[in-house]
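Residue numbers (this note's numbering): 2 to 239.
Report on one structure; see the data block that follows.
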Ligand SMILES: [Zn+2]
């Protein structure tokens with residue numbers, strides 16, 4: 002007598018159900034181990050509009066329109082960047098609504114001290130992050146497309162301080178997008194002046210929920226970035 006003959010008491014349709022249940026369980030286990038999290042990138046403009054309808058904070062606001070006094074130097078719209086090529090067709094900067102509200106307060110506070118912000122980059126379409134990763138010599142300074150960048154979520158800004166009277170950038174430890182150890186936010190062998198400038202920038206940003214990235218003094222992530230989707234909507238559509 003076969004050992005599994007006791008299964009014969011289970012009706013055939015039940016056996017089929019059990020088979021598919023076990024199959025789906027094993028497949029989901031396999032899926033979890035092979036790809037821990039499926040990356041969602043919002044690339045449809047209509048989906049973006051729907052997301053704003055659900056939560057107005059999802060809107061990507063043009064920074065210069067909300068804060069006319071802010072200076073822009075959108076490097077990726079020029080060849081003056083680590084890619085040495087034009088990556089953006091338009092020299093514009095965007096960020097999610099609460100991020101821009103923070104920037105507005107930061108600009109106001111800095112202006113009282115005779116300083117202002119200069120923006121290098123804000124929201125970055127996901128396709129550009131993929132291009133960066135392909136070309137970057139040092140992968141420590143570019144986001145891995147498998148995870149995406151907080152720039153893709155409209156929740157990161159790259160910027161520096163300027164002197165309001167001269168319009169010139171304050172001296173910092175490195176130029177923007179320098180792939181060097183000196184770009185670290187806490188890099189020590191710097192002059193007192195650099196330290197003062199960097200501290201002012203980092204502390205003022207932090208006060209309004211924008212936190213410096215450890216290895217890039219110019220990059221700030223907005224607290225709560227996890228609530229915002231990665232996006233691949235080009236500037237021309239915004
Ligand atoms: Zn950045």
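Every residue, glycine too, gets a C-beta built ideally from N, C-alpha and C.
So if DSSP puts residue i in a beta bridge, which residue, or which two residues, is it bridged to?
i	result
residue 163	117 and 170
residue 131	According to DSSP, which records beta bridges pairwise, residue 131 is partnered with nothing at all.
residue 137	The partner list for residue 137 (beta bridge, DSSP) is empty, contrary to what the question assumes.
residue 221	158 and 213
What would DSSP say about residue i, mapped onto helix, strand or coil?
i	result
residue 177	coil
residue 110	helix
residue 199	helix
residue 42	strand
residue 211	strand
residue 189	coil
residue 88	coil
residue 231	strand
residue 94	coil
Apart from the five residues on each side of it in sequence, which residues of its chain come closer than 6 Å, Cβ to Cβ, to residue i?
i	result
residue 148	none
residue 159	121, 122, 219 and 220
residue 152	125
residue 214	220
residue 118	71, 108 and 160
residue 33	For residue 33, the predicted model reports a pLDDT of 41, less than 50, meaning its position is unreliable; a value from the coordinates is still stated below. Nothing listed; no residue qualifies.
If I measure Cβ to Cβ from residue i and keep anything under 7 Å in the same chain, skipping five residues before and after, which residues do I get?
i	result
residue 24	Summary for residue 24: the model assigns pLDDT 48, below 50, so the residue's position carries little reliability; its value from the coordinates is reported in the next sentence. The answer is none, since no qualifying residue turns up.
residue 191	174
residue 95	61, 62, 63, 64, 123, 124, 155 and 239
residue 105	67 and 68
residue 128	233
residue 136	84
residue 80	86 and 87
residue 208	none
Below 8 Å CB to CB, which residues in the same chain sit around residue i once its five sequence neighbours on both sides are set aside?
i	result
residue 216	141, 142, 184, 185 and 186
residue 168	72
residue 82	76, 88 and 178
residue 130	143, 144, 146, 149, 150, 152 and 153
residue 193	none
residue 166	115
Between residue i and chain B, is the shortest Cβ-Cβ distance under 8 Å, so that the two count as touching?
i	result
residue 85	Among the chains of the structure shown, chain B does not appear; only one protein chain is present.
### Query
Whole alpha helix (DSSP H) runs in the stretch 49-86 with 4 or more residues, listed along the chain?
Counting only runs of 4 or more residues that sit fully inside the stretch 49-86, the alpha helix (DSSP H) segments are 64-67, in chain order.
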